[in-house]
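Student:
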Amino acid sequence: GEPEIELSKCIGCVKCVKACPGKALEIFYTPEELEILAALAAQGNLPDEEVDEGEKQRRELLASYRGVWVFIEQTEGEAARVSWELLGKGAELAENLGVELCAVVLGHQVEHLCAEAFSYGATKAYLLDQPVFRYYRTDPYLDALCYLIDRYKPEVVLMGATGLGRDLAGAVATRVKTGLTADCTGLDIDDKRNLMQTRPAFGGNIMATIMCDKFRPQMSTVRPHVMPMPEKTEGRSGEIIRKSFAINEADIFTKVLEVISDKKGKDHVDIAGAEFIVSGGRGMMAKENFAMLKELADELGGVVGASRSAVDAGWMPQERQVGQTGKTVRPKIYIACGISGAIQHLVGMQDSDMVIAINRDREAPIFEVASYGIVGDLFQVVPAITERLRELKQ
Ligand code: FAD
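Heads up: the sequence shown is residues 43 to 436, going by UniProt numbering.
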């Protein structure tokens, strides 16, 4: 039947308002009640919400977790750039929470990464430097990270949403029984010290803010290039906590026999790291027409990207795709040619410093995120821009 509110028992704790999934409840106060509340607030004496014993214990447990951690991903002693990007974001969160920003470094002969982490803002580094951690393998990394988490109890753990990070983060969250939000595009702290983890949901049609308010640590992965790179200050120091973790090579089932690099020689283009990107969509009409974009990109010292439609049509390889199922890019200038601006494309490029859109349909949604919009035929506009750049260079 209809839910009833027992007015004699209601203490106005507004718990029901917060808990109602349909946001169907609202509490109205009479002018007299408002006066009393204002008086109580002035004395700093507002009635607390009702908290039972279990809830109290849970809150104490959560409060025993402190600090923001960033897992420093490394291959053969070289850190993944995303780890430094996360230190930049992590510093903001740590400051907001009034806690330390810590780097977690696992590997073999990787102590120099602690110093690098300090130069990007960490004040402490947990270091496990043992031959067994030389190559990434899920089991030993999982055991080691869970050991550190159990022992030092961080409230936030951030990792890059790379192949390695996705693998490790999921395994760790499962083992320590906490939540994990993958591919966050925004991170912030709410008034109760909870991490607000924002990411696209339902095919990128909405942005959802996800909280993990009942468990610790709160874990998120973030894709490369989503967070800006922090400034590097050489010579900043911090505290290194050296640990060793008892683990036998013989007990690990996976052996690394050979490492084959995916850096594919001179044809390999990293659009995620490019400063200038000229992207083409279905409006390019044919594979050959991408040569026109290459010419413009060459003039700018940039690279050619693509929408998913262009990739699906076979005009560009998948590694050039920008968007939700492609790469997230943050160039200085992003030029979108014949791209309509579907939400799944926008989430991958809307944080570019400048977006220039060329489209013959003035209603195209790409214009909503464009700094400059050119309504016209790209087959005229693109060569004209290239031409003008060449003239300027002479
Ligand atoms: P269209 O939407 O067909 O737009 C072509 C545009 O070209 C039009 O606006 C047209 O006006 C313009 N045009 C045509 N001729 C000319 C001309 N001569 N001069 C100027 N303008 C011209 N898409 C991505 O890009 N990246 C992703 O990662 C991605 N992931 C997805 C994930 C999911 C789960 C789903 C459902 C979709 C995803 N998509 C992704 C697809 C996305 O929804 C769109 O279908 C796609 O981005 C459209 O590509 P487009 O803009 O090139 O093509």
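Yeah, the Cβ is synthetic: ideal placement off N, Cα and C, and Gly gets one too.
If I measure Cβ to Cβ from A406 and keep anything under 6 Å in the same chain, skipping five residues before and after, which residues do I get?
Tutor: Your numbering for residue 406 matches position 364 in the sequence shown. If we look at A406 and ignore the five residues flanking it on each side, its Cβ neighbours are S382 and G383.
Student: Closer than 7 Å: is that where the CB of G365 sits relative to any heavy atom of ligand 1?
Tutor: If you number the sequence shown from 1, residue 365 lands on position 323. Answer for G365: yes, Cβ within range of ligand 1.
Student: Ligand 1 heavy atoms versus the CB of L420: any closer than 7 Å?
Tutor: On the sequence shown, residue 420 is found 378 positions in, with the first residue counted as 1. True, at least one ligand heavy atom lies under 7 Å from that Cβ.
Student: Taking only three categories from DSSP, how would you classify F70?
Tutor: The sequence position of residue 70 within the sequence shown is 28, counting from 1. The answer is coil: DSSP assigns F70 none of H, G, I, E or B.
Student: By alpha-carbon positions, which one of P373, M326, C254 and L170 ends up nearest to D354?
Tutor: Sequence index remark: in the sequence shown, residue 354 carries index 312 (1-based). Minimum Cα distance to D354 is reached at M326.
Student: Return helix, strand or coil for Y414, following the three-state DSSP convention.
Tutor: Residue numbering aside, residue 414 sits at position 372 when the sequence shown is read from its first letter. Strand at Y414.
Student: Alpha carbon to alpha carbon, what distance is there between E74 and R241?
Tutor: Reading the sequence shown from its first residue, position 199 is the one you call residue 241. Reading the sequence shown from its first residue, position 32 is the one you call residue 74. R241 and E74: Cα-Cα distance of roughly 43 Å.
Student: Could you name the residues that DSSP lists as bridge partners for N401?
Tutor: In the sequence shown, the residue the question calls residue 401 occupies position 359. BP columns for N401 point to V417.
Student: Taking DSSP's pairing of strands, which residues face T117 in a bridge?
Tutor: The residue labelled residue 117 in the question sits at position 75 within the sequence shown. Paired residue(s): E120.
Student: Taking the continuous beta strand (DSSP E) assigned at residue 42, which residues delimit it?
Tutor: Any property of residue 42 remains undetermined from this structure, which presents the chain solely from 43 to 436.
Student: Report all residues from its chain with a CB closer than 7 Å to the CB of residue 10; omit the five preceding and five following residues, and keep chain order.
Tutor: This structure leaves residue 10 out entirely; the chain is present only between 43 and 436.
Student: Quick check: does the Cβ of N401 come within less than 7 Å of any heavy atom belonging to ligand 1?
Tutor: As a position in the sequence shown, residue 401 is number 359, starting the count at 1. Yes; taking the cut-off as 7 Å, the Cβ of N401 has a heavy atom of ligand 1 nearer than that.
Student: From K369, A399 and G356, pick the residue whose C-alpha is nearest to that of I375; which is it?
Tutor: As a position in the sequence shown, residue 375 is number 333, starting the count at 1. Considering only alpha carbons, the answer is A399.
Student: Can you check whether the CB of V110 is closer than 8 Å to the CB of G130?
Tutor: Residue numbering aside, residue 130 sits at position 88 when the sequence shown is read from its first letter. Residue numbering aside, residue 110 sits at position 68 when the sequence shown is read from its first letter. No. Outside cutoff.
Student: Take I252 as the anchor and find which of R265, P266, Q116 and L237 has the nearest alpha-carbon.
Tutor: In the sequence shown, counting from the first residue as 1, residue 252 sits at position 210. Checked all of R265, P266, Q116 and L237; the closest Cα to I252 is L237.
Student: Using 8 Å for Cβ pairs, my map puts H387 next to G365. What's the rounded Cβ distance?
Tutor: Indexing the sequence shown from 1 puts residue 387 at position 345. Indexing the sequence shown from 1 puts residue 365 at position 323. Contact holds; Cβ gap of about 4 Å.
Student: Quick one: Cα of P336 to Cα of S394, how far?
Tutor: Residue numbering aside, residue 336 sits at position 294 when the sequence shown is read from its first letter. Residue numbering aside, residue 394 sits at position 352 when the sequence shown is read from its first letter. Residue identity differs from the one stated: residue 336 is Lys in this sequence, not Pro. In a straight line, the C-alpha of K336 is about 19 Å away from that of S394.
Student: By Cβ distance, which residues of its chain are closer than 6 Å to A316, with the 5 residues on each side in sequence left out?
Tutor: Position 274 of the sequence shown holds residue 316. Closer than 6 Å at the Cβ level, and outside the excluded window around A316, lie G344, V345 and P373.
Student: Measuring CA to CA, which of L210, V124 and K219 is closest to D192?
Tutor: Within the sequence shown, numbered from 1, the residue matching residue 192 stands at position 150. For D192, the nearest C-alpha among the options comes from K219.
Student: Please classify L229: is it buried, with 16 or more other beta-carbons within 10 angstroms of its beta-carbon, or exposed?
Tutor: Translated into the one-based positions of the sequence shown, residue 229 becomes position 187. Looking at its Cβ environment, which holds 16 or more other Cβ atoms inside 10 Å, L229 is buried.
Student: Assuming E127 and P259 make a contact with CB atoms under 8 Å, what is their CB distance in whole Å?
Tutor: In the sequence shown, the residue the question calls residue 127 occupies position 85. In the sequence shown, the residue the question calls residue 259 occupies position 217. Wrong, their Cβ atoms sit about 19 Å apart, outside the cutoff.
Student: Using the Cα positions of I294 and D185, report the straight-line distance between them to the nearest angstrom.
Tutor: The sequence position of residue 294 within the sequence shown is 252, counting from 1. The sequence position of residue 185 within the sequence shown is 143, counting from 1. Taking the straight line from one Cα to the other gives about 11 Å.
Student: So the candidates are G86, A378, M261 and Q360; which of them puts its Cα closest to the Cα of L222?
Tutor: Taking the sequence shown and counting its residues from 1, the one referred to as residue 222 is at position 180. Minimum Cα distance to L222 is reached at M261.
Student: Can you tell which of E77, V268 and E115 has the C-alpha that lies nearest to the C-alpha of D149?
Tutor: The residue you call residue 149 lines up with position 107 of the sequence shown. The amino acid at residue 149 is misidentified as Asp; the sequence shows Gly. Ranking the options by Cα distance to G149, first place goes to E115.
Student: Whole angstroms is fine: what's the gap from V198's alpha carbon to Q99's?
Tutor: Numbered from its first residue, the sequence shown carries residue 198 at position 156. Numbered from its first residue, the sequence shown carries residue 99 at position 57. Roughly 20 Å between the two C-alpha positions.
Student: Kindly identify the DSSP beta-bridge partner or partners of A378.
Tutor: Taking the sequence shown and counting its residues from 1, one reaches residue 378 at position 336. The partner list for A378 (beta bridge, DSSP) reads S321 and A399.
Student: Hey, would you say the C-beta of S351 is under 7 Å away from at least one heavy atom of ligand 1?
Tutor: The count along the sequence shown starts at 1 and reaches residue 351 at position 309. Yes, the Cβ of S351 comes within 7 Å of a heavy atom of ligand 1.
Student: Applying the 10 Å Cβ sphere with the 16-neighbour rule, what's the burial state of E158?
Tutor: In the sequence shown, the residue the question calls residue 158 occupies position 116. With 16 or more other Cβ atoms within 10 Å, it is buried.
Student: Looking at R324 and ligand 1, is the gap between the Cβ and the nearest heavy atom below 7 Å?
Tutor: What you label residue 324 is simply residue 282 of the sequence shown in a count that begins at 1. Indeed, a heavy atom of ligand 1 lies less than 7 Å from the Cβ.
Student: Given the structure, does H387 come close to ligand 1, in the sense that its CB is under 7 Å from one of the ligand's heavy atoms?
Tutor: Walking along the sequence shown from the start, residue 387 turns up at place 345. Under cutoff, so the answer is yes.
Student: Please classify G130: does DSSP put it in a helix, a strand, or coil?
Tutor: As a first step, residue 130 is located in the sequence shown; it is residue number 88 there, counting from the start. It is helical.
Student: Assign K369 to buried or exposed, taking buried as 16 or more other Cβ atoms, counted over all protein chains shown, within 10 Å of its Cβ.
Tutor: Locating residue 369 in the sequence shown gives position 327, counting from the first residue. With 16 or more Cβ atoms within 10 Å of its Cβ, K369 is classed as buried.
Student: Residues in its own chain within less than 8 Å of T296 by CB, not counting five upstream and five downstream?
Tutor: The residue labelled residue 296 in the question sits at position 254 within the sequence shown. Counting only Cβ-Cβ distances below 8 Å, and skipping sequence neighbours, we find R179, T180 and D181.
Student: To the nearest angstrom, report how far apart C55 and A213 are at their CA atoms.
Tutor: On the sequence shown, residue 55 is found 13 positions in, with the first residue counted as 1. On the sequence shown, residue 213 is found 171 positions in, with the first residue counted as 1. Going from the Cα of C55 to the Cα of A213 covers about 38 Å.
Student: Taking L342 as the reference, give the member of V93, V423 and I427 with the closest Cα.
Tutor: To locate residue 342, count along the sequence shown from 1; it is residue 300. Minimum Cα distance to L342 is reached at I427.
Student: Can A333 and V320 be called in contact, C-beta distance under 8 Å?
Tutor: As a position in the sequence shown, residue 333 is number 291, starting the count at 1. As a position in the sequence shown, residue 320 is number 278, starting the count at 1. No, the Cβ-Cβ distance between A333 and V320 is not below 8 Å.
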